[in-house]
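Numbered by our numbering, the letters in the sequence shown go through residues -6 to 420 in order. Contents: one structure, followed by commentary.
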Amino acid sequence: MSNTLVVVGAQWGDEGKGKITDFYAGGADVVVRHQGGNNAGHTIVFDGKKFALQSIPSGVFNPHIINVMANGMVINPVSLLEELDRLHKAGITDYKLYISDRAACVMPYHAMLDGAYEALKGGRQIGTTKKGIGPAYTDKYSRVGIRMGDLLDKEYFAERLKDALAQKNIELQALGMEPCDFDTIYNQYLALGEQLRPMICDTSVLLNRLVEDGKKVLFEGAQGVMLCIDHGTYPFVTSSSPTAASVPVNTGLAPRYVDNVMGVAKAYTTRVGEGPFPTELFDERAEYIRERGHEYGTVTGRPRRVGWLDAVVLNHVRRISGLNYLSLMLFDVLSGLEKIRICTGYKLDGKHIDYVPSTIAQLERVEAEYIELDGWMEDITSIKNYDELPANAKAYIAKVEELTRTEVAVVSVGPDREQTIIRKDIF
Ligand code: IMP
């Protein structure tokens, strides 16, 4: 048992991290979002009602949990306040939420630039969520970003915004858009800062104190490691690092506090947006999985691309994020398929490889190599004990463990919290 647990998406996002985070949040004192912004969509079922959270940590439904939006995030204050408003309207008013003063602020020009950059790419769009995530991170690294704490200091914010607009307005105009008006943005964002002021603080100080006091901390990943800016399928990635390795930098906590990592993977693979996907399926089996798994984007509603489980991808993620355990999600979706495949390696230009090549050009050329397993026909959605699963379903899980050298600690057989087979207590 450990006091900290990092939940990591082990594929291209949408693995069902919301359910797993929600599950472990029950035993946590603190839930932390450490990267990304409102490009994520976590669906949480609470009191029989469905909530789609975008940037707020999943512990918000429990009044005893301290929720932290850490410095590695990009936060859109307008949509954050809308998200809070939706929660208030649903009667969720008793919560603890802290926002890092060092988190990057998503500004109106970021969404404008996100759309414009995509349009410039001709046929090679990334398929971003157009929420301004990439441009906000770009500004952070170009050192013209506005941070959440900046909004709380009138003079300082004026200086920062002037510097940012000096650059951004040139870009906007060059791309055929209207420049942004300083006064409009300044007044709007000062007011937003005032609304959020009670929640904005140095969350690194807060988190270190909580960890040192022995509190149990859950780090909630957004997106998946294959969308990592460093280790994902670049450039078809998001602009942050959803790995466990990024947690210390993204939160201001020492690496020694990060000791337990749960990788969350679907029993198959999905991807939204563009980019290579070696195990993608295009036939009626994709349709079968898409419909049974309700594979449509939470944020954008786009149908997700669907394919077989890819052990090369899972091993890439295990290596980079140091996975201790796997949660195998949407396992029930595979019921009814006569044969199920798992990708065990790739063939690149006639040669066998067992790693993810770094360029898209190469990844587009790989052919997936598969093993084929017998499927099972039984409905498994009400099974609570591993032993009751059909023999072929157990054989599938055993194969995943063998291929990834990682213990499958959790198997999810349906969307509800009860539809979860726990094989090992880890947090
Ligand atoms: P961005 O994060 O909006 O810049 O989008 C970059 C890529 O990441 C696109 O392919 C998006 O579809 C993908 N992406 C971003 N957030 C998520 C997510 O939460 N789940 C799945 N894909 C995502």
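Heads up, the beta-carbon is just placed ideally off N, CA and C, and yes, glycines get one too. All of these numbers come straight from a predicted model, not from anything done at the bench.
Taking all protein chains shown into account, do 16 or more other C-beta atoms lie within 10 angstroms of the C-beta of Asp132, making it buried, or fewer, making it exposed?
To locate residue 132, count along the sequence shown from 1; it is residue 139. Asp132 should be labelled buried.
Rounded C-alpha distance that separates Gly217 from Val292
As a working mapping, residue 217 is identified with position 224 in the sequence shown. As a working mapping, residue 292 is identified with position 299 in the sequence shown. If you take the alpha carbons of Gly217 and Val292, they lie about 15 Å apart.
Euclidean distance between Cα positions of His103 and Ser135:
Your numbering for residue 103 matches position 110 in the sequence shown. Your numbering for residue 135 matches position 142 in the sequence shown. C-alpha separation (whole angstroms): 14 Å.
C-beta atoms of Phe275 and Val406 nearer than 7 Å
Working through the sequence shown from its first residue, we reach residue 275 at position 282. Working through the sequence shown from its first residue, we reach residue 406 at position 413. Not closer than 7 Å, so no.
So Glu213 and Val38 are in contact, right, with Cβ under 8 Å, and what is the actual spacing, rounded?
In the sequence shown, counting from the first residue as 1, residue 213 sits at position 220. In the sequence shown, counting from the first residue as 1, residue 38 sits at position 45. Glu213 to Val38, Cβ: 16 Å. No contact.
On the three-state DSSP scale, how would you describe Tyr134?
Looking up residue 134 in the sequence shown gives position 141. Three-state result, Tyr134: helix.
Once DSSP output is grouped into helix, strand and coil, what is the label at Phe175?
Taking the sequence shown and counting its residues from 1, the one referred to as residue 175 is at position 182. Looking at Phe175 - three-state DSSP - the assignment turns out to be helix.
Closest residue to Gln118 among Ser320, Ala361 and Phe229 (Cα-Cα distance)
If you number the sequence shown from 1, residue 118 lands on position 125. Minimum Cα distance to Gln118 is reached at Phe229.
Of the listed residues Leu396, Lys123 and Glu288, nearest to Tyr110 (C-alpha basis)
Residue numbering aside, residue 110 sits at position 117 when the sequence shown is read from its first letter. Considering only alpha carbons, the answer is Lys123.
Under 7 Å Cβ to Cβ from Ile127, same chain only, skipping five residues before and after it: list those, please.
In the sequence shown, counting from the first residue as 1, residue 127 sits at position 134. What sits at residue 127 in the sequence shown is Gly, not Ile. Hits under 7 Å: Asp107, Thr121 and Ser232.
When DSSP labels each residue in this structure, what does Asn60 get in the three-state scheme?
For the purposes of this step, residue 60 is taken as the residue at position 67 of the sequence shown. Here Asn60 sits in strand by DSSP.
Can you tell me whether Pro271 is buried or exposed, with buried defined as 16 or more other CB within 10 angstroms of its CB?
Mapped onto the sequence shown, residue 271 falls at position 278. Result: buried.
With burial defined as no fewer than 16 other Cβ atoms inside 10 Å of the residue's Cβ, what is the status of Ile335: buried or exposed?
The residue labelled residue 335 in the question sits at position 342 within the sequence shown. Ile335 comes out buried.
Unbroken alpha helix (DSSP H) run spanning Arg285, endpoints:
Position 292 of the sequence shown holds residue 285. That run of the alpha helix (DSSP H) goes Glu277 to Arg285.
Secondary structure at Met100, three-state DSSP: helix, strand or coil?
Locating residue 100 in the sequence shown gives position 107, where the first residue counts as 1. In the structure shown, Met100 sits in coil (DSSP, three-state: anything other than H, G, I, E or B).
Can the beta-carbon of Ala279 be found closer than 7 Å to that of Leu396?
As a first step, residue 279 is located in the sequence shown; it is residue number 286 there, counting from the start. As a first step, residue 396 is located in the sequence shown; it is residue number 403 there, counting from the start. Contact: no.
Helix, strand or coil at His224 according to DSSP, with G and I counted as helix:
Working through the sequence shown from its first residue, we reach residue 224 at position 231. His224: coil per DSSP, three-state reduction.
Is any heavy atom of ligand 1 found at a distance shorter than 6 Å from the C-beta of Ile49?
Within the sequence shown, residue 49 is the residue found at index 56, counting from 1. Checking every heavy atom of ligand 1 against the Cβ of Ile49, none is found closer than 6 Å.
Going by Cα to Cα distance, which pick from Arg26, Asp418 and Asn(-4) is closest to Asn64?
Taking the first residue of the sequence shown as position 1, residue 64 is located at position 71. It is Arg26 whose Cα lies nearest to the Cα of Asn64.
Using only the alpha-carbon positions, how far apart do Phe54 and Lys10 sit?
To locate residue 54, count along the sequence shown from 1; it is residue 61. To locate residue 10, count along the sequence shown from 1; it is residue 17. Spanning the two alpha carbons is a distance of roughly 16 Å.
Tell me, please, which residues DSSP counts as bridged to Lys344.
Within the sequence shown, residue 344 is the residue found at index 351, counting from 1. DSSP lists Leu341 as partners of Lys344.
Limits of the unbroken alpha helix (DSSP H) element including Phe150
By one-based count along the sequence shown, residue 150 stands at place 157. Here the alpha helix (DSSP H) through Phe150 covers Lys147 to Ala167.
For the stretch 301 to 320 against the stretch 249 to 260, are there 3 or more C-beta pairs whose distance is under 8 Å?
yes
Given 8 Å, three or more beta-carbon pairs between the stretch 356 to 370 and the stretch 382 to 393:
yes
Report the rounded CA-to-CA distance for Arg153 versus Met141, giving the unit in angstroms.
Residue 153 sits at position 160 when you count from the first residue of the sequence shown. Residue 141 sits at position 148 when you count from the first residue of the sequence shown. If I take the Cα positions, the gap works out to 12 Å.
Please report the Cβ distance between Val458 and Val306, rounded to the nearest whole angstrom; I am assuming they are in contact, meaning their Cβ atoms lie under 8 Å.
For the chain, the structure presents residues -6 to 420; residue 458 sits outside this window and is missing.
Tell me the DSSP secondary structure of Arg334 in three-state form.
Against the sequence shown, residue 334 aligns to sequence position 341. Strand at Arg334.
Residue range of the alpha helix (DSSP H) that includes Lys10:
Translated into positions along the sequence shown, residue 10 becomes position 17. It spans Lys10 to Ala18 - the alpha helix (DSSP H) in which Lys10 sits, taken as one unbroken run.
Local Cβ density within 10 Å of Glu188, reported as buried at 16 or more and exposed below that
Position 195 of the sequence shown, counted from the first residue, corresponds to residue 188. This sequence places Gln at residue 188; Glu is not what is there. Gln188 is exposed by the Cβ-count criterion.
Would you list the residues sitting across from Val404 in a DSSP beta bridge?
Looking up residue 404 in the sequence shown gives position 411. Answer by DSSP bridge pairing, in chain order: Leu321 and Ile414.
Straight-line gap, Leu144 to Asp176 (C-alpha atoms, nearest Å)
Translated into the one-based positions of the sequence shown, residue 144 becomes position 151. Translated into the one-based positions of the sequence shown, residue 176 becomes position 183. Spanning the two alpha carbons is a distance of roughly 14 Å.
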